[in-house]
Amino acid sequence: MHLNVACNPQVIERRRRGGGSKFRGLGRCERCFCRGSIPHGDTLSGRPNEPKRLPVMMSSLLLSQLLLLSLRVTLMTADLGGQCPDLAPVDLLSTVLEKDASGLMAGVQVRSSGGVRGIHFSGPHAPVSLLSNCDHFPKDFSIVVTLKVARIAHKKSEYIFTILEPKRAEPPGALKEKVDEEVREKGNNLQLNISGRRGKNNAEHRRLLLGLRLSGKRLHVLFRGQRGITEQWVFRGAHLADDHWHTLVVSVEGRRGRLTVDCGSPREILPSGPFPSDLNFHVSRFHIGSRGRWKGLFTGLLRQLVLVPGSDATRQICPSARAQLAALSVPPSLLSHVPADGKNDARHLAPYGADVAETEARVSVGLQRTCTEPLRGQLWFNPLRKALYLCDGTSWIAVLEDRKRLDYVEERQVLSTSSETHDIEVFQLQGLGLMAAMAHRSTTSGSAVYRWSQQNGFQLYQNISTRGALALRHFNLGKKTFLVVSNCNVGTGVGKEVDVSVIYKWSRKSKQFVEFQNLETHCARDWEAFKIRRHTYLVVANHRIGNNNHTIDSIVYKWNRPTKSFEVHQRLRTSGAYDWEFFNVGPYHFLVVANAFDGVTTSVDSVIYVWVDGNFQILQTIKTFCATDWEMFQIGTRVFLVVANGHRLHDNGSSEYAINSTIYELDMTGQVFVRFQDIVTYSAVDWEFFTLGEEYFLVVANSFNGESYSLNSVLYRWQGYEGFVPVHWLPTIGCSDWEFFNAGGDSYLIYSSAKAPLAKVFKLKMY
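So this is what it looks like as structure tokens:
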């Protein structure tokens, strides 16, 4: 690379004309190296009669290359050492909030807005030195900012923070350059683009190493790129100057930048070049809320500003009950509550914008109130919810709230059933209320439908004729209600075993489920009903034909309005299919199958399908181990899939039942599900997701540990970046299914047993 640069004819001619020590004695030799040979009649010394010294020249060249290689290795090693990969998060705001324990730093004031404290800058503060142990800024990092900005004037911009080089002695003519720079700054110098190219006026940032700037509806990440040119990554459509609190996470990872506002969907840019890995800031200085001068001073409030090296901090603060104020590290002096009378305290606490409603805060009491601009700053107490709210001009912000939290689980009902139960379906029927259909194994008594009574729990309502029922599903077609039940091994056809599964229709006249349509299935383990573009579909999980043939077709049926029946729409090849899960993400429709066994091994691929042009096509395969269930759920904007792995079959014929079941999260960028968390389960056969208040839960059906069917199923609670953690252990016997439901203002869980003729209802006690 260095020889190519040196051999550029323009470079050689420039060196020849300029003379100097760098060129003297190298002209002829350098030109020879550039051509790769020595011209006839030339010598290395330039004298025709002197013997050639080609071996000496080659030795010198080899030595030079070795020195260059050694230098590159040294530089690479120094660069890696200067990145400081183990650097802890840095609370930048705390470094400028207080100069000492007795008072605030000059130019810094603490003010409140909407009952929330923040820092206001009345002028540029003195520069601060940070990260003194590192020479180079981390190439992968994220910045967490909580701010409130009333508005930004047209063609103006404000700096949230900057890193600048120290001022140098100014050469002659620098004064004129400064004047020219100020004149140019008055023009429209904000040439924004998403590709990371430089703006028109780079002189504005000639000392800037890194900065975060806000202008209108755009957020800019500025940094010194190659050859000292200031480059910028621009996030468009960031509506932050709206006089509301917002928490944003700006993450930089190589060639990718991402902005997340209020734990919403991330905005991502893919610039043409990566963030520099050699950004040296050893002698640089931090400026919070400015770039060290009045122009570009941040006029809003800052509540949080944290630098997180090496990772994306979004998962550490999201999801959040108050996404606009999601906190990673807020200075302690900003965490205390604003006085109810709105008066300033000894630390110069003043309302942001001198809001009259806030300084004259009043408390109203009632069950319902509307928050409008004239009520900004007013408090409202809801006696039913036992909650206190603050009006921010458009909506009520919870200040104190009696949130529901799961305290403990108590046994509500032990329901005796006619036989073991493989599946439960809980649903509502107009005129009757809450119902539960149970797929019983018995071929004599069949399956049953139960009706909920607030006093007595579930009571038998109707028996349905089934034989070896394994699964059932409730669905609606317009105003009509249906219940489809799968039967296993009830008949024999020519050359293959045939099962007849039945769709039942709710009769409003008889108040009973009556037989509606029969469908040929093969030991079906699950049914899933869904709608796409006003069309209703049913998909069946065909498990096996006979005892050995597990790689068979599962069928997607479509409702035919003219014939008023379900007809075959698509066949999907499956391997011992055990469960289907349908879900939507935005405008896309997905269907995932739990494949359990291919006739040889339980280590098979389960498949995620996506709806394209009227049919399902394979999107992704995931290795599973006797997968028995998929459960899709969302937390905020994040989409998850959890699989229940039943057991691992080893080559020697033994089975391992204590294995990991896995939670996968949808990567919006890569459009694939990636592993998020592993949870040890014991022959798991079902997952159930539910919410209580603002908390999220998963409960797993553990059925067998290799020795006993009597073991605990576990209830897990969402803990943010920690994932799901166990909080309750529920004793079960051969647990086959969990269902969550609400009734009479209370929340319940019911489980079925595949090894005992019973089902249990648990009441979730909350405080």
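In numbering that gives the first Met the number 0, the protein residues as written are 0 to 766.
Even glycine gets a Cβ: it sits at the ideal position worked out from N, Cα and C.
Distance, glutamate 706 Cα to tyrosine 681 Cα
Taking the first residue of the sequence shown as position 1, residue 681 is located at position 682. Taking the first residue of the sequence shown as position 1, residue 706 is located at position 707. Roughly 11 angstroms separates the two Cα atoms.
Compare the C-alpha of valine 89 against each of Ser310, Pro270, Arg543 and Arg255 and name the closest.
As a first step, residue 89 must be located in the sequence shown, where it is residue number 90. Here the closest residue by C-alpha is Ser310.
Taking the straight line between their C-alpha atoms, what separation do you get for isoleucine 142 and leucine 258?
Counting from one through the sequence shown, the residue named residue 142 turns up at place 143. Counting from one through the sequence shown, the residue named residue 258 turns up at place 259. Cα to Cα, the separation comes out at about 10 angstroms.
Assuming leucine 269 contacts arginine 254 (C-beta within less than 8 angstroms), just tell me the rounded distance between them.
Position 270 of the sequence shown, counted from the start, is the residue given in the question as residue 269. Position 255 of the sequence shown, counted from the start, is the residue given in the question as residue 254. Going by Cβ atoms, the distance from leucine 269 to arginine 254 rounds to 6 angstroms, so yes, they are a contact pair.
I'd like to confirm the pairing. Which residues does DSSP put opposite phenylalanine 160 in its beta bridges?
The residue labelled residue 160 in the question sits at position 161 within the sequence shown. Looking at the DSSP assignment, phenylalanine 160 forms a beta bridge with Leu211 and Ile287.
So is valine 413 buried or exposed if we call it buried at 16+ other beta carbons inside 10 Å?
Numbered from its first residue, the sequence shown carries residue 413 at position 414. The residue in question, valine 413, is exposed, as its Cβ has fewer than 16 Cβ neighbours within 10 Å.
Relative to the C-alpha of glycine 392, which residue among Ala643, Asn704, Gly114 and Glu409 is closest?
For the purposes of this step, residue 392 is taken as the residue at position 393 of the sequence shown. Of the candidates Ala643, Asn704, Gly114 and Glu409, the one whose C-alpha sits nearest the C-alpha of glycine 392 is Gly114.
Consult DSSP for aspartate 99 and reduce its assignment to one of helix, strand or coil.
In the sequence shown, counting from the first residue as 1, residue 99 sits at position 100. With a pLDDT of 42 at aspartate 99, under the threshold of 50, the modelled position of that residue is not reliable, and the figure given next carries that caveat. Strand, per DSSP.
When you compare each of Val641, Trp686 and Asp498 to isoleucine 544 by their alpha carbons, which one comes out closest?
Taking the sequence shown and counting its residues from 1, one reaches residue 544 at position 545. The residue with the shortest Cα to Cα distance from isoleucine 544 is Asp498.
Spatial neighbours of phenylalanine 739 in its chain, beta-carbon cut-off 6 angstroms, leaving aside the 5 residues before and after
Taking the sequence shown and counting its residues from 1, the one referred to as residue 739 is at position 740. These residues qualify, in order along the chain: Glu687, Phe689 and Leu748.
Within a Cβ cutoff of 8 angstroms, which residues of the same chain sit near asparagine 711, ignoring the five residues on either side of it in sequence?
As a position in the sequence shown, residue 711 is number 712, starting the count at 1. Cβ within range, chain order: Asn701, Trp728, Leu729, Pro730 and Thr731.
Straight-line gap, glycine 767 to glutamine 616 (C-alpha atoms, nearest Å):
Residue 767 falls outside the range modelled here, since the chain spans only 0 to 766, and no answer is possible.
Sort out for me which residues DSSP pairs valine 89 with in a bridge.
If you number the sequence shown from 1, residue 89 lands on position 90. Answer is Leu306, bridged to valine 89.
Between serine 660 and asparagine 644, is the Cβ-Cβ spacing less than 7 angstroms?
Along the sequence shown, one-based indexing puts residue 660 at 661. Along the sequence shown, one-based indexing puts residue 644 at 645. It is a contact, given that the beta carbons lie within the stated cut-off.
Can you tell me where the beta strand (DSSP E) with threonine 259 in it begins and where it stops?
Stepping through the sequence shown from its first residue, residue 259 is reached at position 260. 255-260 is the span of the beta strand (DSSP E), which, as asked, contains threonine 259.
Among all the DSSP beta bridges, which residues are the ones paired with isoleucine 228?
The residue labelled residue 228 in the question sits at position 229 within the sequence shown. Note: isoleucine 228 sits in no beta bridge, so no partner.
Beta-carbon proximity list for valine 513, same chain, < 7 angstroms, skipping 5 on both sides
Working through the sequence shown from its first residue, we reach residue 513 at position 514. If we look at valine 513 and ignore the five residues flanking it on each side, its Cβ neighbours are Tyr503, Lys504 and Ser506.
Report, in whole angstroms, the separation of the C-beta atoms of glycine 467 and arginine 440, which I expect to be a contact under 8 angstroms.
Working through the sequence shown from its first residue, we reach residue 467 at position 468. Working through the sequence shown from its first residue, we reach residue 440 at position 441. With a Cβ gap of about 6 angstroms, glycine 467 and arginine 440 count as contacting.
C-alpha gap between valine 408 and valine 642, whole angstroms
Stepping through the sequence shown from its first residue, residue 408 is reached at position 409. Stepping through the sequence shown from its first residue, residue 642 is reached at position 643. Rounded to the nearest angstrom, the two C-alpha atoms are 25 angstroms apart.
Sequence ranges, beta strand (DSSP E) only - wholly within the stretch 590-650, length at least 3:
602-611, 614-624, 626-634 and 637-644
For aspartate 745, which residues from the same chain have a beta carbon less than 7 angstroms from its beta carbon, with the 5 sequence-adjacent residues on both sides left out?
Here residue 745 corresponds to residue number 746 of the sequence shown, with the count starting at 1. The residues are Lys762.
Does isoleucine 316 come out as helix, strand or coil in the three-state DSSP assignment?
In the sequence shown, counting from the first residue as 1, residue 316 sits at position 317. Isoleucine 316 falls in the helix class under three-state DSSP.
Flag this pair as yes or no: are the beta carbons of lysine 155 and leucine 300 separated by less than 7 angstroms?
Working through the sequence shown from its first residue, we reach residue 155 at position 156. Working through the sequence shown from its first residue, we reach residue 300 at position 301. For lysine 155 and leucine 300, no; Cβs fall outside 7 angstroms.
CA-to-CA distance, leucine 239 to lysine 294, given in whole angstroms
For the purposes of this step, residue 294 is identified with residue 295 of the sequence shown, where counting begins at 1. For the purposes of this step, residue 239 is identified with residue 240 of the sequence shown, where counting begins at 1. Approximately 20 angstroms between the Cα atoms of the pair.
Mapping DSSP to helix, strand and coil, what is glutamate 655?
The residue labelled residue 655 in the question sits at position 656 within the sequence shown. In this structure, glutamate 655 counts as strand in the three-state DSSP scheme.
Exposed or buried, what is asparagine 559 when buried is set at 16 or more other beta-carbons lying within 10 Å of its beta-carbon?
Position 560 of the sequence shown, counted from the start, is the residue given in the question as residue 559. By the neighbour-count rule (16 or more Cβ atoms within 10 Å), asparagine 559 is not buried but exposed.
I'd like to confirm the pairing. Which residues does DSSP put opposite serine 660 in its beta bridges?
Here residue 660 refers to the residue found at position 661 of the sequence shown. Its beta-bridge partners are Ile678.
Sub-7 angstroms separation of alanine 470 and arginine 411 beta-carbons
Within the sequence shown, the letter at position 471 stands for residue 470. Within the sequence shown, the letter at position 412 stands for residue 411. Not closer than 7 angstroms, so no.
Going by alpha carbons, who is nearest to tyrosine 460 out of Gln453, Gln454 and Ala447?
Position 461 of the sequence shown holds residue 460. Of Gln453, Gln454 and Ala447, the residue nearest in Cα terms is Ala447.
Between the Cα of serine 735 and those of Thr416, Ile423, Val501 and Gly215, spot the shortest distance and give me the residue it belongs to.
Walking along the sequence shown from the start, residue 735 turns up at place 736. Comparing Cα positions, the closest option is Ile423.
Taking the beta strand (DSSP E) that glutamine 511 falls in, what are its first and last residues?
Residue mapping note: residue 511 aligns to position 512 of the sequence shown, counting from 1. That run of the beta strand (DSSP E) goes 511-520.
On a Cα-Cα basis, can you pick out the residue from Arg674, Tyr656 and Trp451 that is closest to valine 638?
Within the sequence shown, the letter at position 639 stands for residue 638. It is Arg674.
In or out: aspartate 241 buried (at least 16 other Cβ within 10 Å) or exposed?
As a working note, residue 241 is residue 242 in the sequence shown. The residue is exposed, with fewer than 16 neighbouring Cβ atoms inside 10 Å.
Between threonine 94 and valine 127, what straight-line distance do the alpha-carbon atoms span, to the nearest angstrom?
What you label residue 94 is simply residue 95 of the sequence shown in a count that begins at 1. What you label residue 127 is simply residue 128 of the sequence shown in a count that begins at 1. Whole-angstrom Cα-Cα distance: 8 angstroms.
Specify the secondary structure class of glutamate 706 as computed by DSSP and reduced to three states.
Position 707 of the sequence shown, counting from 1, holds the residue named residue 706. Of the three classes helix, strand and coil, the one that applies to glutamate 706 here is coil, per DSSP.
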